[in-house]
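So my numbering is basically just the index in the sequence shown, starting at one, shifted up by 319.
Inspection log for the structure reproduced underneath, given as structure tokens.
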Amino acid sequence: MTRVTRRGFVGGLAGLLGAVATGCDWPSATGPTASGSARLLARPGTPTLDGPLGLRALGLAPTIDGAVYVSPTVVPDGPRPLVLLLHGAGGTGLNFIQGFIADADATGQVLLAVDSRRATWDGIGGRFGPDIDFLDAALADTFARYAIDPARVAVAGFSDGATMALALGRANGDLFTHTGAWSPGGLITDEKRGRTACFVTHGRGDRVLPIDVTQRTVARLRRDGHAVTYHEFLGGHELPADLRLEAMQWMAAATA
């Protein structure tokens, strides 16, 4: 069994690259994110920049950055699906993305995995801010480099990353068609826009984030009108390989 462990958009893409050039790790949140919104502005469009294949650093910050993977072995007939991956507390985008590369080679999905600005995502602490700005920048850069199918844009995460993914999916249902939440810790915002389909998993023996919270979360998602695929499994705080692959295949398919 393989285990995976635990906005305003700041000045447009030119401004983002300028911040990197001056050596800043990332500017502080200004404008809309100061109000704690989980809304994102980036949207798929026509690529205007070079889009390298394979695994590479995101390249938007000198240290706390992220990674992108685009399969060099899959030649799509049209725009590719995308998954924004959110690591658990204490993790990094580069470490997290590597567990999904083999699956992406089968599905053709673009993988984008971003580092949280601190030990975990700022929404977990009760207020969205710089993480939203950086996620928006990472998405904008990726959309500028690759043709992405707007009917197959997903956000997914494990543990704290799953909690953050549910918040982003619900607040940006007009962007994220799919949301994967693997061992989440509940709902941290009531902000909603549109509806995102959800794929939720949790181990019955989880001693880190109790399964009863997820059971209540799934019920709430369904009451709010989200289509939910839910799997409980015999295990702890982990993501079994078979459920990871099922989720990736599910996110690669257009929603009905």
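Positions of the beta carbon are idealized from the N, C-alpha and C atoms, including for glycine.
Query: Under 7 Å between C-beta atoms of G427 and R399; Result: yes
Query: Span separating the alpha-carbon of G350 from that of I451; Result: Confidence at G350 is low in this model, with a pLDDT of 36, below 50, so its placement is unreliable and the value that follows should be read with caution. Near 12 Å, if we compare the C-alpha coordinates of I451 and G350.
Query: Inter-residue CB distance, G513 and D531 (contact presumed, cutoff 8 Å); Result: So it is not a contact: roughly 28 Å between Cβ atoms.
Query: Range of the contiguous beta strand (DSSP E) that encloses I467; Result: I467 to F477
Query: For H521, the nearest candidate out of R489, F477 and L485 (CA to CA); Result: F477
Query: Distance between G412 and P366 (C-alpha atoms, nearest Å); Result: 23 Å
Query: Backbone secondary structure at V532 - three-state DSSP; Result: helix
Query: For L430, the first and last residue of its enclosing alpha helix (DSSP H); Result: That residue, L430, is in no alpha helix (DSSP H); its beta strand (DSSP E) goes V429 to V433.
Query: When R464, L404 and G524 are compared against W440, the one with the closest alpha-carbon; Result: L404
Query: Whole-angstrom distance between H550 and C517, CA atom to CA atom; Result: 11 Å
Query: Local Cβ density within 10 Å of A490, reported as buried at 16 or more and exposed below that; Result: buried
Query: Cβ pair P363, F462 closer than 7 Å; Result: yes
Query: Assigned exposure category for A340 - 16 Cβ within 10 Å defines buried; Result: Because the pLDDT of A340 is 32, which lies under 50, any placement of that residue in the model is unreliable, and the question is left without a value.
Query: Pick from T392, M570, I420 and D460 that is closest to G488, judged by C-alpha positions; Result: M570
Query: Residues bridged to A298 (per DSSP); Result: Outside the shown range of the chain (320 to 575) lies residue 298, about which nothing can therefore be said.
Query: Alpha-carbon to alpha-carbon, F415 and D424; Result: 16 Å
Query: Start and end residues, beta strand (DSSP E) containing R399; Result: R399 to L405
Query: Cβ shell of A438 (< 8 Å), same chain only, five flanking positions each side left out; Result: A408 and G409
Query: Own chain partners of A500 with C-beta closer than 6 Å, once the 5 adjacent residues on each side are dropped; Result: A481, A484, L485 and V519
Query: Beta bridge counterpart(s) of E551 as assigned by DSSP; Result: H521
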